[in-house]
């Protein structure tokens, strides 16, 4: 009778090493995907806004009066943009991923917040809205990454919904 024998030998060792290497790389790949998404969101938010539209769409009469009474909120009425808002968008590494934000106190009035609020009527439609841009970038991520991020957002108190 003839026998055919199979030996695992070197081939199995190489396959096992390859799988172990892949297992170590999976978190790295996921982190890289999140980093790329964070950079994309920062790029979108640092986009130059469109010129002001007249008549100015003040949030309130009180805001309009304060602006003119203080000569442009104390800094003079702007005649040209400085680029400070755009340059201050940051991607900051965290333990689980990355934070994207702008540390300027007035940034929320120009681009809004992650929850969708605070963007002034003066800037709506002219400057990118943070929540909307985050949704666009988020929807480009693979579904498994999206589900994990939604779960983390819910744990942090956000009302995140699956798209």
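Numbering (this note's numbering), first residue to last: -17 to 145.
All residues carry an ideal CB built from backbone N, CA and C; glycine is no exception.
On a predicted model such as this, the values are computed, not experimentally measured, just so you know.
Beta-carbon proximity of residue i to residue j, cut-off 8 Å
{"i": "residue 96", "j": "residue 111", "result": "no"}
{"i": "residue 41", "j": "residue 121", "result": "no"}
{"i": "residue 20", "j": "residue 82", "result": "yes"}
{"i": "residue 114", "j": "residue 73", "result": "no"}
Beta carbon proximity, residue i to chain B, threshold 8 Å
{"i": "residue 82", "result": "No chain B is part of this structure, which consists of one protein chain only."}
Rounded straight-line distance, which links the Cα of residue j to that of residue i
{"i": "residue 48", "j": "residue 57", "result": "12 Å"}
{"i": "residue 12", "j": "residue 76", "result": "14 Å"}
{"i": "residue 148", "j": "residue 27", "result": "Only positions -17 to 145 of the chain appear in the structure, and residue 148 is not among them; the question remains open."}
{"i": "residue 16", "j": "residue 109", "result": "24 Å"}
{"i": "residue 90", "j": "residue 100", "result": "6 Å"}
{"i": "residue 118", "j": "residue 141", "result": "17 Å"}
{"i": "residue 80", "j": "residue 53", "result": "38 Å"}
{"i": "residue 22", "j": "residue 14", "result": "12 Å"}
{"i": "residue 18", "j": "residue 36", "result": "37 Å"}
{"i": "residue 78", "j": "residue 29", "result": "27 Å"}
{"i": "residue 88", "j": "residue 50", "result": "18 Å"}
{"i": "residue 184", "j": "residue 106", "result": "The first residue shown for the chain is -17 and the last is 145, placing residue 184 beyond what the model contains."}
DSSP bridge partner residues for residue i (one or two, in chain order)
{"i": "residue 81", "result": "74"}
Nearest neighbour of residue i, chosen from the options [CA to CA]
{"i": "residue 38", "options": "86, 123, 46", "result": "46"}
{"i": "residue 32", "options": "50, 62, 53", "result": "62"}
{"i": "residue 86", "options": "65, 139, 43", "result": "65"}
Can you confirm whether the region 65 to 76 touches the region 115 to 135 when touching is taken to mean that 3 or more C-beta pairs between the two stretches lie within less than 8 Å? no
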